[in-house]
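Some notes on the structure that comes next.
In the numbering used here, the protein residues as written are 311 to 752.
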């Protein structure tokens, strides 16, 4: 019996996939098909699959061409599978010609001609090409625009910014303006990263004009405004998403799953710190008015693990702040202490102070340690009383989670279903805390 094996993502299964599988099957007596897992695809830069791995496996199996369907989960698995299943022929599309010649030492490698004019990438792009306008002045805009290039089905329609330096960096964009109405009219959806004081009005105006919105957190500066915006989005049938890129980091998501599975027992404490040194504010008298304060800039990030692990129903919160302006709106440092029924949390945020940006989640069996900068980590540890039981976890992080965030937004627009990575109650709770005026001044 001649055994043949081939691999692929097989997203949005089309005629080209079917022809490839038929050609592979014709090479022998038994065909084994490896479908790449979601995590493995991410490590290879394929981040916007339209279907989950289970959906893709079932689609391949339903064709009736493959005798066996397996899942490819890691780099180097092809060698292991060829030996494990006693494979005689490794078959793959001709667009990979030469890439897998190294397998000739253990089996025969055959490059199969592809069906021209058919591509999953093209199908995804045609089905949901979204013109996405970018609004704001913060440096994060640069990362968002650059990361959008990795996402199929998304095209930056233009930039609306008062920051001339950022605008000058993107002369090739179709539209560069400081007029919010112009960027709204030119777009299907908006990414908003303007000053937090502008978020509510800009989101409201965009929704009223029928545009989907993803906005840097905090989405609004009161719970009432936040809930009003969500109600308006529902009324219009539009997607409104809170943008906290950490929520889309693979390592961070896996950390949450491990904690929720009981890896460290019951969570009793969450300690998180995010700080940065601001620029030369003395040269600009309006620095504090134009820039985000510590609570708005870093607050949503440190609040994320607290609300995801402990919930939003805390018994008490105490905020201690140091202000850098006379109006007491720009907190250069804040310490936030939560009390829950059976847990506590201590958070520190600062712009103008510097501290170790780590995350520690303490449990009844052990604790999770995430080194600085924990909000864009690709590594964390679970530590126990006996050091021999400690475990380390490594995951690839591309684009600090921003590209995955964009993918989630584009998918939500296509499906009408927003990801549950950031439930609305967490968005509202973030707005409540970062905008709180009940602070102890130091």
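Each residue gets a CB set at the ideal place from its N, CA and C atoms; glycine is no exception. Treat the numbers as computed from the prediction; the structure is a model and nothing was measured.
- Between the alpha carbons of residue 479 and residue 455 lies a gap of roughly 11 Å.
- Under the DSSP assignment, residue 422 falls in the beta strand (DSSP E) whose first and last residues are 418-422.
- Distance check between residue 481 and each of 417, 422 and 468 places 468 closest, using alpha-carbon atoms only.
- Inside the segment 672-731, DSSP marks whole alpha helix (DSSP H) runs of 4 or more residues at positions 712-725, from first to last along the chain.
- Below 8 Å, too few C-beta pairs join the segment 327-341 and the segment 410-417 to call them touching: fewer than three.
- For residue 581, the enclosing beta strand (DSSP E) has its first and last residue at 577-586.
- If only uninterrupted beta strand (DSSP E) runs of at least 3 residues are considered, those enclosed by the segment 627-664 are 641-649 and 654-661.
- DSSP places residue 565 in the helix class (H, G or I) of the three-state scheme.
- Buried is the label assigned to residue 382, since at least 16 other Cβ atoms lie within 10 Å of its Cβ.
- Excluding five sequence positions before and after residue 387, the CB atoms of its chain that fall closer than 8 Å to its own CB belong to 344, given in chain order.
- Residue 680 sits close to residue 670, with the two beta carbons spaced by under 9 Å.
- Nearest to residue 701 by alpha-carbon distance, out of 692, 709 and 554, is 692.
- For residue 532, the CB contacts under 7 Å within the same chain, skipping 5 residues up- and downstream, are 741 and 745 in chain order.
- Residue 665 places its beta carbon less than 9 Å from that of residue 585.
- In the three-state reduction of the DSSP assignment, residue 623 falls in the coil class, being assigned neither a helical nor a strand state.
- Using a Cβ distance threshold of 9 Å, residue 611 and residue 743 do not count as a contacting pair.
- Taking the C-beta atoms as reference points, residue 682 is found nearer than 9 Å to residue 668.
- In this model, residue 552 and residue 618 are separated by some 14 Å (Cα to Cα).
- Straight-line measurement puts the Cα of residue 339 at about 43 Å from the Cα of residue 565.
- One Cα belongs to residue 373, the other to residue 422, and the distance between them is close to 19 Å.
- Straight across, the Cα-Cα distance linking residue 714 with residue 721 is about 10 Å.
- One alpha carbon belongs to residue 626, the other to residue 555, and they sit about 27 Å apart.
- For residue 317, no alpha helix (DSSP H) encloses it; the enclosing beta strand (DSSP E) starts and ends at 313-318.
- Under the DSSP assignment, residue 346 falls in the beta strand (DSSP E) whose first and last residues are 340-346.
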